[in-house]
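Enquirer:
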Amino acid sequence: MQSLQDKASEWSGVNRDDAFAIDQINLYEKLGLQTFISLSTNFYNRVYDDEEEWFRSIFANSKKEDAIQNQYEFFSQRMGGPPLYNQRRGHPALIGRHRPFPVTHEAAERWLHHMQLALDSTTDIDSESKIKMMNFFRHTAFFLVAGDELKNPKQGIACKHAAGKPAAV
Ligand code: HEM
């Protein structure tokens with residue numbers, strides 16, 4: 001059976017080495033906390049203003065300021081900075097924390113679209129760091145999609161004994 005990491009690689013098109021190239025360099029030391037704050041602010045300004053109502057509504061129960069802080073604290077600690085996220089929120093457990101939300105393939109692409117634009121409009125992020133970060137984001141986004149599908153595993157093909165019977169629900 002394919003692991004969630006394998007599915008993430010297949011669906012994102014990013015292999016594990018590229019996804020975790022963020023660990024070859026300390027991006028937090030290179031970019032600084034303020035850059036992460038700007039990135040998450042740019043990102044969530046776009047998300048909360050998204051013209052696509054279906055995507056915007058996924059965030060309807062979260063306050064923008066809280067979402068920004070959750071994100072930049074997580075990114076900073078994951079990319080070599082102090083454990084601000086863990087101190088305030090505990091273990092990230094990203095699949096569990098995304099459980100209430102519909103993290104579909106389409107939602108992942110929309111999330112990544114906004115993140116690419118946010119990276120491009122955040123000054124002080126060099127292009128090599130952007131590529132590393134985007135590979136990590138892309139792989140993680142599809143890791144979350146794979147986790148989301150565990151909520152509603154697709155029905156397998158019915159065996160011959162089920163022929164003519166209504167599908168199980
Ligand atoms: C794939 C599409 C994604 C969707 C639809 C999505 C959706 C959401 C939503 C609705 C929240 C709640 C906002 C808040 O209160 O903080 C959230 C939180 C969060 N997301 Fe995502 N997300 C996605 C991808 C990602 C990715 C790729 C990452 C990491 C690289 C990530 C990291 C986080 C973190 C750290 C939080 C804060 C969790 C908490 O402390 O409660 N998300 N996400």
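All residue numbers for the sequence shown refer to UniProt numbering, where the first residue is 1 and numbers rise by one.
Positions of the beta carbon are idealized from the N, C-alpha and C atoms, including for glycine.
Source: prediction; values computed, not measured.
Got a sec: does the ligand HEM put a non-hydrogen atom nearer than 7 Å to the Cβ of HIS114?
Expert: HIS114 Cβ: outside cutoff for every heavy atom of the ligand HEM.
Enquirer: Going by other Cβ atoms of all chains shown within 10 Å of its Cβ, with 16 needed for buried, is ASP124 buried or exposed?
Expert: Exposed: under 16 other Cβ atoms inside 10 Å.
Enquirer: Which whole-angstrom value describes the C-beta separation of PHE75 and SER40, a residue pair presumed to lie in contact below a C-beta threshold of 8 Å?
Expert: The pair is a contact, with the Cβ atoms about 7 Å apart (cut-off 8 Å).
Enquirer: By the three-class DSSP mapping on this structure, what secondary structure does PHE142 have?
Expert: If DSSP states are grouped into helix, strand and coil, PHE142 belongs with the helices.
Enquirer: Between the alpha carbons of ARG78 and PHE101, how many angstroms are there, rounded?
Expert: When rounded, the distance between both Cα atoms is 22 Å.
Enquirer: Within its chain, find whatever has a CB closer than 6 Å to the CB of TYR72; leave out the 5 residues flanking it on each side and keep chain order.
Expert: Answer for TYR72: PHE36, ILE37, SER40, listed in chain order.
Enquirer: Looking at the unbroken alpha helix (DSSP H) that takes in residue 172, where does it start and where does it end?
Expert: Nothing about residue 172 can be read from this structure; the chain reaches only from 1 to 169.
Enquirer: Is it buried or exposed for ILE58, if we count other Cβ within 10 angstroms and need 16 for buried?
Expert: Counting Cβ neighbours within 10 Å, ILE58 comes out buried, since at least 16 surround it.
Enquirer: Under 8 Å, with one C-beta from each stretch per pair, do the stretch 13-29 and the stretch 135-145 reach the 3-pair mark?
Expert: Output reads yes: the stretch 135-145 touches the stretch 13-29.
Enquirer: Which whole-angstrom value is the C-beta distance of ASN42 and SER121, which I expect to be below 8 Å?
Expert: That pair is a contact at about 5 Å.
Enquirer: Does at least one heavy atom of the ligand HEM sit under 7 Å from the Cβ of ASP18?
Expert: Incorrect: ASP18 has no Cβ contact closer than 7 Å to the ligand HEM.
Enquirer: Less than 6 Å between C-beta atoms, sequence neighbours within five positions excluded: which residues of the same chain meet that for residue 176?
Expert: There is simply no residue 176 to check, as the chain begins at 1 and stops at 169 in what is shown.
Enquirer: Should LEU31 be listed as close to the ligand HEM, given that the test is whether its C-beta is under 7 Å from any heavy atom?
Expert: No, Cβ of LEU31 sits at least 7 Å from all heavy atoms of the ligand HEM.
Enquirer: Check GLY80 in the structure and name its three-state DSSP category.
Expert: Here GLY80 sits in coil by DSSP.
Enquirer: Using the beta-carbon count (16 or more within 10 Å), is ASP6 buried or exposed?
Expert: By the 10 Å Cβ count, ASP6 comes out exposed.
Enquirer: Take LEU31 as the anchor and find which of GLY81, ALA108, ALA93, ASP18 has the nearest alpha-carbon.
Expert: Of the listed residues, the one whose Cα sits closest to LEU31 is GLY81.
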